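Notes to accompany the following structure.
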Amino acid sequence: MIYRLLALNIDGTLLQTNGKIHKSTKEAIEYVQQKGIYVTLVTSRSFPSAKKVAKALKIKSPLITHQGAYIASTVEKPIYVKRINEDITYDAVSFLEALPCQIRLVTEQFSLANRLKLNNHLLAKTVFTSGDPVFYSQQFVSSLSEYLHDQPVTPPKIEVYFEDKSDLKDAKNALGKMFTEIEIIELDSLRLDIVPAGVSKLTGLTYLGKQLGISRSEMVYIGDGLDDIPLIEAAGLGVSMWNADFEVKRASDWVTRSENEHGVAYMVKEHFRKQQPIEFLRKMNIIKK
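Note that the sequence shown covers residues 761 to 1049 in this note's numbering.
Below is the structure:
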């Protein structure tokens, strides 16, 4: 099979646990791009945060961000945006404020979160060091619902960080029954992402593929999270990281090394070195487009 597109998750895939990108990963991305492979990022992160990573990897193509709700190469000209309307945002936030959790409304321009003393130190680190660049405004208010009452927001995504696993389960079940206008995505046992109905990483990558004339069978996807499973299953070659949960590995066609053992670079060398450059394959009429 000839692969024309490589899509990558960011956290736990491209980034090492220290938050940095290894030199070998940068070289691997440059190598596949030189072969004419289209490279993009698919992430739950905000667009500005993903763009920062893309810049480090010299990726200029549209990025699938906010769990698929915001696709763009520049923040000024998105090619696809879907938002949670202001009434649903207000009602969902009002419900969640009854639980001990951090609620974060994430737009392409800023994030807005409730002030909550987090007892879980790992959780605190996740919320406050989520890789957003300096120019991305992160505001905290004592009551999100009061703020939204006066200044409505229509975010592409709402992030919710829980201290207790049972609270996450309860919230997921209740929100699923209360609203048909949203999707609730479980990233791990303490984190939910809420996006507009019909939005996911998979629908985002499928949309971009249609714009480019690239089918899912011609795509390679590398990820590590529970929210990556649909993409791993749908791609022509679905790859999971060694650091991924068992469920993610079970869904994949191939398991590469962990993020700290340069799993992306290893996978690229193993698979793409055997494939001729796309331009050469076109000249040979092996691929038509």
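Note that CB positions come from ideal geometry on N, CA and C, so glycine has one too.
If you're wondering where the values come from, they're calculated on a predicted model, not measured in any experiment.
Extent of the continuous alpha helix (DSSP H) to which residue i belongs
| i | result |
| --- | --- |
| Ser975 | Per DSSP, Ser975 belongs to no alpha helix (DSSP H) and is neither H nor E. |
| Thr785 | Lys783 to Gln794 |
| Ile992 | Ile989 to Ala994 |
| Ala816 | Phe807 to Ala816 |
| Ala873 | Looking at the DSSP string, Ala873 is not in any alpha helix (DSSP H); the run it does join, the beta strand (DSSP E), is Phe870 to Asn874. |
| Gly936 | Lys925 to Met938 |
| Asp910 | Leu904 to Asp910 |
Residues near residue i in its chain [Cβ-Cβ closer than 7 Å; skip 5 each side]
| i | result |
| --- | --- |
| Pro822 | Thr800, Ile831, Ala832, Ser833, Ile839 and Leu968 |
| Gly772 | Asp984, Gly985, Met1001, Asn1003 and Glu1019 |
Cβ neighbours of residue i in the same chain (closer than 6 Å, five flanking residues each side left out)
| i | result |
| --- | --- |
| Leu997 | Val980 and Asp1013 |
| Glu1039 | Gly796 |
| Ile819 | Val799 |
| Gln898 | Ser871 |
| Gly828 | Val959, Ser960, Lys961, Thr963 and Gly964 |
| Tyr896 | Pro808 |
8 Å Cβ shell around residue i - same chain, five flanking residues per side excluded
| i | result |
| --- | --- |
| Thr849 | Leu865, Leu908, Pro912, Val913, Thr914, Pro915 and Ile918 |
| Phe939 | Ile848, Asp851 and Ala852 |
Inter-residue Cα distance where the pair is residue i and residue j
| i | j | result |
| --- | --- | --- |
| Leu859 | Val959 | 25 Å |
| Asn769 | Val802 | 5 Å |
| Ile942 | Gly936 | 8 Å |
| Asp930 | Ser905 | 20 Å |
| Ser903 | Arg875 | 8 Å |
| Ser854 | Gln1035 | 52 Å |
| Lys837 | Leu775 | 27 Å |
| Asp851 | Gln971 | 35 Å |
| Leu766 | Val999 | 11 Å |
| Tyr763 | Glu978 | 4 Å |
| Asn933 | Lys783 | 43 Å |
| His1022 | Cys861 | 34 Å |
| Val920 | Met761 | 40 Å |
| Arg805 | Thr1016 | 23 Å |
| Lys925 | Glu946 | 11 Å |
For residue j and residue i, believed in contact at Cβ under 8 Å, the rounded distance
| i | j | result |
| --- | --- | --- |
| Asp948 | Leu986 | 7 Å |
| Ile1050 | Leu950 | No answer is possible for residue 1050: the residues shown for the chain start at 761 and end at 1049. |
| Ala994 | Arg976 | 5 Å |
| Met1027 | Ile982 | 6 Å |
| Ile781 | Ala814 | Going by Cβ atoms, the distance from Ile781 to Ala814 rounds to 11 Å, so no, they are not a contact pair. |
Span of the beta strand (DSSP E), counted from its first residue to its last, around residue i
| i | result |
| --- | --- |
| Val853 | Segment Glu846 to Leu856 is the alpha helix (DSSP H) holding Val853; no beta strand (DSSP E) there. |
| Lys1034 | Here Lys1034 belongs to no beta strand (DSSP E), and DSSP marks it neither H nor E. |
- On the three-pair Cβ rule with 8 Å, is the region 784-793 touching the region 997-1012? no
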